[in-house]
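Here the structure comes first, spelled out in structure tokens, and everything after it is commentary.
Number of protein chains: 2
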Amino acid sequence: MSELRKDPVVGRWVIIAPERGRRPSDYVVLDSEQGQGFCPLCPENEKMTPPEIFAFREEGSPPDGPGWHIRVVPNKFPALKEAGETAYRSDGVYESMNGVGAHEIVIETPEHGQAFSDLPLETIKRILFVFKMRMEELRKDSRFRYVVLFKNRGREAGASLRHSHSQIIALPIVPKRVSEEITGGKRYFSRHGRCVFCDVIRQEAGRKVRVVEENSDFIAIAPFAARFPFETWIFPGKHASDYGTITQTQYRTLAEILSAVLKRLNMALQNPPYNLVFHTAPLTEGSLPHFHWHIEIIPKVTRIAGFEWGTGFYINPMPPERCAEYLREIRLP
Amino acid sequence: MSELRKDPVVGRWVIIAPERGRRPSDYVVLDSEQGQGFCPLCPENEKMTPPEIFAFREEGSPPDGPGWHIRVVPNKFPALKEAGETAYRSDGVYESMNGVGAHEIVIETPEHGQAFSDLPLETIKRILFVFKMRMEELRKDSRFRYVVLFKNRGREAGASLRHSHSQIIALPIVPKRVSEEITGGKRYFSRHGRCVFCDVIRQEAGRKVRVVEENSDFIAIAPFAARFPFETWIFPGKHASDYGTITQTQYRTLAEILSAVLKRLNMALQNPPYNLVFHTAPLTEGSLPHFHWHIEIIPKVTRIAGFEWGTGFYINPMPPERCAEYLREIRLP
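Protein sequences, first through last, are from chains A and B.
The numbering used here applies: residue 675 is where the first sequence begins, and numbers increase by one.
The numbering used here applies: residue 675 is where the second sequence begins, and numbers increase by one.
Dropping the structure here:
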């Protein structure tokens, strides 16, 4: 059973998930190879994953067999387990709870070789819809306070499988980085009466220097205090704190901007490994005036050294203005 | 000129240091090679570094020539520049200041091939002494609020040179992770009237399960809520918030525990890349009852994936108790 533990000084929760230690790839000095042979996410290999939670399929095709367009399955090596109570414990200075949560894999396409950014817009729309659907389902479980939607592409970004997929983790706590954003947003709101993210978007949309891509519903920017070269954030232009409130038309416009931004990054950096993470409001808080949901995309082009780890203070060799300009100038095919 | 920029939501400062972008190694997709040929840190190559700030040398040997035992030089590719004023600026929602600071390299030994952990104890003592000496010197500059002492070993940990060295960065701000520790320590102190780190040390020393190594002055533990496998922290047993207060006898005992811990990690993980960072009080705050200086060592044996980046919430596949037991059981030669 995995365990959630809280650092007694800074209050950061970690998952101690010994089951995962059994995967050698999780736990050996870094190498750069990614499995090329057998793929457990491909059609015909459905029995290699735990039974599916959900799928869009060809009419009449049975579960856990071929014929699917998108498939959601439990992670075979979950960081958290679905069953059980959270059971908060304390021991002297320490606090912990059971590693209760959900860990799911979204297999985004049956086609093994296709990169997320090259998927047809309708397929990306479907993935975005499935994210929202799974989030709403997990919201019904009162043990869960947060759902993380994320995607790792490439070995260097932590992906252990090449087949295009993303992950969903439901947690009984709100992760530190998100609660910092909420706290910061609340502080700004109480001082100015406005959402800080809305103010950032307004300022960026007016100046254009850090805008990478825009459409009727979304804006992609290179953030002012970017930690990494080519770090890119995507915001809905209109205030919304919860990804669960995404509208029908926004699935399409979000798919468009996501695909365009990733295509630009792929062309600029020759298909870099990257991480993509949704930041959304905690499940139980719903609509917050001081938080604004968004997506953070971080290409892995620099190594994080000791200075950054030790201090939370990043050195970024590329001004975000230059990244944005470079990305904007790329002509999409 | 580099610039310090503050994230308007969470208040995290970053260094935007475009000069560093010129080093291709900082900015190209990750590879695993480390320069094997010419070494700018070796004796006879002293002219390849900027003029030395300090050195212990053979009697009569001139600066910037051979004959040194340890050498401190400015970083040739500094993230921050020594000259100028901090000059705080704001622009709408954003705040920034000039990238003023210091960035120094401590060349720990003239011997190219020798790993830090294999250096004689007297050499490690000398390095620890030079850290403290440089810190005291930088403290005199009223523009600086914090000094980070750190060491990256191995390409995967961000080291671009193999020759054993560490780095010193002086900053006009207190890094986020340190101020979080200070805030957490203050909160605990106001509730319990004790240093939270002292309580952690007392609990760990009593139970022994997470203790890796101990001597008369220091204790090394696998932290309860470790983010990474084999993460190890070293604390002075007696309360002290500022590395600058280290005593004559502690140089020796710290060298001993540091060398022993690193030897254990090297044997357990076959000479892993690692980061080592000192956490000490801000320069201007001196002696704090609620903060306790320490060293954090993080071997790079897992990849950090999107989930961790996006959320600040780590999944650690190895219980720290198991790591500590494993490390304790290694017999040192």
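Yeah, the Cβ is synthetic: ideal placement off N, Cα and C, and Gly gets one too.
For residue j and residue i, believed in contact at Cβ under 8 Å, the rounded distance
i, j, result
"Pro-784/A", "Pro-717/A", "5 Å"
"Cys-1024/A", "His-839/A", "There is simply no residue 1024/A to check, as chain A begins at 675 and stops at 1007 in what is shown."
"Lys-799/A", "Arg-926/A", "6 Å"
"Gly-918/B", "Glu-999/B", "About 34 Å separates the two Cβ atoms, so there is no contact after all."
"Pro-724/B", "Pro-740/B", "About 17 Å; that fails the 8 Å criterion."
"Leu-802/B", "Ala-929/B", "6 Å"
Burial state of residue i (16 or more Cβ within 10 Å)
i, result
"Pro-698/A", "Confidence at Pro-698/A is low in this model, with a pLDDT of 33, below 50, so the placement of that residue is unreliable and no value is reported for it."
"Gly-758/A", "exposed"
"Arg-696/A", "Bear in mind that a pLDDT of 45 at Arg-696/A, under 50, signals an unreliable position, so the number given afterwards is only what the model happens to contain. Burial call: exposed."
"His-786/A", "exposed"
"Gly-880/B", "exposed"
"Gln-841/A", "buried"
"Ser-706/B", "Per-residue confidence for Ser-706/B stands at a pLDDT of 39, beneath the threshold of 50, marking its modelled position as unreliable; the derived number appears in the next sentence. So Ser-706/B counts as exposed."
"Gly-858/A", "buried"
"Gly-832/A", "buried"
"Leu-1001/A", "buried"
"Lys-680/B", "buried"
"His-866/B", "exposed"
"Gly-828/A", "buried"
"Asp-765/A", "exposed"
"Ala-761/B", "exposed"
"Thr-958/B", "exposed"
"Phe-987/B", "buried"
"Ser-816/A", "exposed"
Own chain residues within Cβ distance below 8 Å of residue i, not counting five before or after
i, result
"Pro-991/B", "Pro-903 and Thr-976"
Other residues of its chain near residue i: CB distance less than 7 Å, five sequence neighbours each side excluded
i, result
"Met-722/B", "Pro-714"
"Ile-689/A", "Ser-676, Leu-678, Ala-753, Leu-754 and Gly-773"
"Pro-682/B", "Val-767 and Tyr-768"
"Val-848/B", "Arg-819, Tyr-820 and Pro-956"
"Gln-708/B", "Unreliable positioning characterises Gln-708/B in this predicted model, as indicated by a pLDDT of 48, which lies under 50. The coordinate reading is nonetheless provided below. Excluding residues within five positions, the ones whose Cβ falls inside 7 Å are Arg-829 and Arg-836."
Cut-off 6 Å between Cβ atoms - residues of its own chain near residue i, not counting five sequence neighbours on either side
i, result
"Leu-843/A", "According to the sequence shown, residue 843/A is Ile rather than Leu. Only His-777 and Val-822 meet the Cβ criterion."
"Gln-922/B", "none"
"Glu-830/B", "Pro-947 and Lys-974"
"Pro-1007/B", "none"
"Val-702/B", "Because the pLDDT at Val-702/B is just 40, under 50, the model does not fix this residue reliably, and the point stays unresolved."
"Ile-781/B", "Leu-715, Arg-745 and His-839"
"Ala-729/A", "Trp-742 and Arg-745"
"Leu-704/B", "Its pLDDT being 40, under 50, Leu-704/B is placed unreliably in this model, and the value from its coordinates should be taken loosely. The answer is none, since no qualifying residue turns up."
"Phe-824/B", "Gln-841 and Val-951"
Element boundaries [alpha helix (DSSP H), containing residue i]
i, result
"Val-886/A", "Note, Val-886/A: premise wrong, no alpha helix (DSSP H); beta strand (DSSP E) at 885–888."
"Met-675/A", "Met-675/A -> no alpha helix (DSSP H), and no H or E assigned at all."
"Arg-819/A", "Unbroken run through Arg-819/A: none, as it is neither H nor E."
"Ala-942/B", "922–943"
"Asp-873/A", "870–881"
"Arg-745/A", "Here Arg-745/A belongs to no alpha helix (DSSP H); instead the beta strand (DSSP E) covers 742–748."
"Leu-651/B", "The first residue shown for chain B is 675 and the last is 1007, placing residue 651/B beyond what the model contains."
"Phe-626/A", "A query on residue 626/A cannot be resolved here, the shown segment of chain A reaching from 675 to 1007 and no further."
"Pro-994/B", "994–1003"
"Phe-904/A", "That residue, Phe-904/A, is in no alpha helix (DSSP H); it is neither H nor E in DSSP."
"His-786/A", "From DSSP, His-786/A is part of no alpha helix (DSSP H); its letter is neither H nor E."
"Phe-863/A", "850–866"
Option in the options with minimal Cα separation from residue i
i, options, result
"Asn-949/B", "Glu-888/B, Leu-835/B, Glu-905/B and Arg-996/B", "Glu-905/B"
"Arg-819/B", "Gly-734/B, Lys-825/B, Val-852/B and Pro-740/B", "Val-852/B"
"Val-883/A", "Ser-816/A, Val-874/A and Arg-745/A", "Val-874/A"
"Leu-962/B", "Arg-861/B, Leu-932/B and Gln-944/B", "Arg-861/B"
"Ala-894/A", "Glu-995/A, Glu-756/A and Gly-741/A", "Glu-995/A"
"Asp-792/B", "Leu-936/B, Ala-900/B and Phe-987/B", "Leu-936/B"
"Arg-911/A", "Glu-982/A, Ala-729/A, Phe-965/A and Pro-737/A", "At residue 911/A the sequence reads Gly, which differs from the Arg that was named. Among Glu-982/A, Ala-729/A, Phe-965/A and Pro-737/A, the Cα nearest to that of Gly-911/A is on Phe-965/A."
"Leu-637/B", "Trp-687/B, Ala-934/B and Ile-1004/B", "Not covered by the structure: residue 637/B. The range shown for chain B is 675 to 1007."
"Leu-943/A", "Gly-960/A, His-743/A, Ile-1004/A and Phe-892/A", "Ile-1004/A"
"Gln-788/A", "Ile-856/A, Asn-945/A and Glu-970/A", "Asn-945/A"
"Asn-889/A", "Ser-933/A, Phe-871/A and Arg-901/A", "Ser-933/A"
"Asp-916/B", "Trp-907/B, Leu-939/B and His-953/B", "His-953/B"
"Met-771/B", "Phe-863/A, Gly-734/A, Phe-898/A and Cys-872/A", "Phe-898/A"
"Phe-805/A", "Glu-733/A, Arg-938/A, Phe-863/A and Ile-920/A", "Ile-920/A"
"Val-885/A", "Ala-929/A, Ser-864/A and Arg-938/A", "Arg-938/A"
Extent of the continuous beta strand (DSSP E) to which residue i belongs
i, result
"Ser-764/A", "763–765"
"His-953/A", "948–953"
"Phe-730/A", "728–731"
"Ser-834/A", "Taken as a continuous stretch (DSSP letters only), Ser-834/A belongs to no beta strand (DSSP E), as it is neither H nor E."
"Tyr-988/B", "988–990"
"Met-771/B", "768–772"
"Val-780/B", "776–781"
Short CB-CB distance (under 8 Å) between residue i and chain C
i, result
"Met-675/B", "The displayed structure is made up of protein chains A and B, and chain C is not among them."
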